[in-house]
Every structure is written in structure tokens, then in C-alpha cells.
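**Student:**
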DNA sequence: CGATTATGATTAA
DNA sequence: TAATCCTAATCGC
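Printed below as a string of C-alpha cells:
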């Protein structure tokens, strides 16, 4: 589940449940035992998302860095907490709810300097206020790499992942293999605006939905899974706009999907 | 019960 | 480019 919208939504939900409260911390699985012991009982100052990176800062200045990677999950539960099942790296409990972290790419204590180093490596995060498209546009204009690769590069734009990149290329009418520096004028700005709009919507819904409800023939309720996306994982299926079979290929070591008619090379 | 898969990213070769 | 890490769900036999 984890693209930038997931992490920002998580930060918001963790703040609602835990911010300003002493947090009971443990590592049922044991792999974060020392870290959990150090923060156990400390009030959470705040949870913060930068792209796909999550930081939990405690009043004692301990900072827990979490990166969910491909398979990590942070699941909420009511209290009292259910018996720990599976490989729970970190379990947190506030006054009214608890959270279990499994399968993270990273879960470790970091210093303020290490946090800054991580954050400073990132490109602009369309979900953070105060960020602007200029550095993204400038990097795109200078890069001969495929735009599908540029969109996945966290140092260029933070928070976009494999689903959004294919969807944004479709919405912008751009083939993901197009060299970023050969995009038509204004296209990189369109891609940025798409990222702002859709990641925000992703936070709101806590899932990725790039199609309009009315386009699917709905005015209310949630769009069924099969109808949420234009091209992602739709190899050989008809394009939602023109009916042409969707194609797939490798871009930056990940699978990308596109409509050969709506997104000519 | 084993193989496969996943919205990620780093390290080694 | 390939190997590696992390976990759980799903699918085929």
C-alpha cells in the first residue's frame, strides 16, 4: 500500500491517536527491542511524513525512523490490544488505540542530523505545504532519462510510486519511456499538478483512485477495485478511454503500463 | 505445502 | 543489472 499518500495518512492518524500522550512501546517480534524500550512510556511529540519516510519524534528527542518499503504495514487496533500475531516489529499504544508495525524496510532510532540528511536528499513532496514545482520541473528539463524513471526517483519528486507514475503518465498523455527533457512545454508542470491533486485524494480516501466516479457511472459510494485505475496492472485489457489494449514494459526496473494510443511515443 | 506476488530501495557485482 | 531484505496473502498442486 505504501506510496506517499499512505505515509501522510499514517502520520495524520498516528498524531490523532498518540500525539501528546505517553506511548506504550514494545517489540513483540524482538527485532526493535532496544528501541522500543527507549521510547516506552514517552509522550509522542509528533509523527511526520516526508515522501515515503515516516518520523516519530518523542518528547525526549528520540526519533524513530520508519520506511515501509514494499510490504510494510502499520495497522490500527482498538484497545485492549489483541494478542500479538505474526512478526510485529513495533507495537504502540496510546490512550484509546494501538498500532502494529510489520515488515518495514526500516525501523530504527536516528539522530536529528540523520533525519535531516534523509529529508534533504528528497525532491519536493507534493503533499507538504510550501513545496513548489520548480525544482521538479528543472530536474525533469535537465534529464534524458525516461519520465517514468524520473517520476519514481525520490530525489526528484518525493512520494510517487509505481502505481501513481503509470497513472500520471496516462493522465498527461505521455508514454513513460519519453525522455524527460523531450516532453512538450508544460508537461512536467501538468505532471506535478496531477501529483498534488491525486496524492491529496489518496490521503483522503486512504487508497489510490485516479478515475472519476462519474466516469465509472457512479455518483456515490466507493468505486470497485477493478475500476479505480486507468492502466496500472491492466496489461492486455482495453483502455478505459479508447479501448486499445494496454501495454506493459520495464521502466527503471519496475513494470509500467500505458495505452499505446492515448500515450504515443 | 511450496511458489508467487506486492503501491520499495539499497548494496553488490 | 542482480541479489537482497522484510512479511503475509493468495494460488496452484
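In this note's numbering, the protein residues as written are 906 to 1170.
Where is the CB? At the ideal position from N, CA and C, for every residue including glycine.
For clarity, every value in this text was computed on a predicted model and none was experimentally measured.
1) Please report the residue range of the beta strand (DSSP E) in which residue 978 lies.
2) Take residue 983 and list the residues in its own chain whose beta-carbon comes closer than 7 Å to its own, dropping the five residues that flank it on each side.
3) According to DSSP, is residue 1007 part of a helix, a strand, or is it coil?
4) Please return the same chain residues whose Cβ sits closer than 6 Å to the Cβ of residue 1157, not counting the five positions on each side in sequence.
5) Note down, in chain order, each residue of its chain lying with its Cβ closer than 6 Å to the Cβ of residue 1067, except the 5 sequence neighbours on either side.
6) Is residue 931 helix, strand or coil when you go by DSSP?
7) So which of 986, 1008, 1000, 1102 has the shortest CA-CA distance to residue 993?
8) Whole angstroms is fine: what's the gap from residue 1000's alpha carbon to residue 962's?
9) For residue 955, write down the residues that DSSP places opposite it in a beta bridge.
10) If we ignore side chains and look at the alpha-carbon of each, how far apart do residue 1040 and residue 1060 end up?
11) On the DSSP bridge list, what partners appear for residue 972?
12) At what residues does the beta strand (DSSP E) containing residue 998 begin and finish?
13) Counting C-beta neighbours from all protein chains within 10 Å, is the total for residue 1090 16 or more, i.e. buried, or is it exposed?
14) State the Cα-Cα distance for the pair residue 1022 and residue 973, rounded to the nearest angstrom.
15) Nearest-angstrom Cα distance between residue 1069 and residue 1113?
16) Report buried or exposed for residue 929, applying the criterion of at least 16 other Cβ atoms within 10 angstroms of its Cβ.
17) Kindly confirm or deny that the stretch 1027-1039 and the stretch 1078-1089 touch, where touching means at least three C-beta pairs closer than 8 Å.
18) Would you report the Cα separation of residue 1109 and residue 1162, rounded to the nearest angstrom?
19) Compare the beta carbon distance of residue 955 and residue 1030 with 8 Å and say whether it is the shorter of the two.
20) Buried or exposed for residue 1115, going by 16 or more other Cβ atoms inside 10 Å?
21) Along the chain, where does the beta strand (DSSP E) that runs through residue 1156 open and close?
22) Any idea which residues DSSP pairs residue 963 with across the strands?
23) Tell whether a beta-carbon distance below 8 Å holds between residue 1042 and residue 1137.
**Tutor:** A quick look at the data gives this:
1) 978-983
2) 1002
3) strand
4) 1054, 1057
5) 1159
6) strand
7) 1008
8) 18 Å
9) 958
10) 10 Å
11) 958, 1011
12) 993-998
13) exposed
14) 18 Å
15) 8 Å
16) buried
17) no
18) 25 Å
19) yes
20) buried
21) 1152-1156
22) 949
23) no
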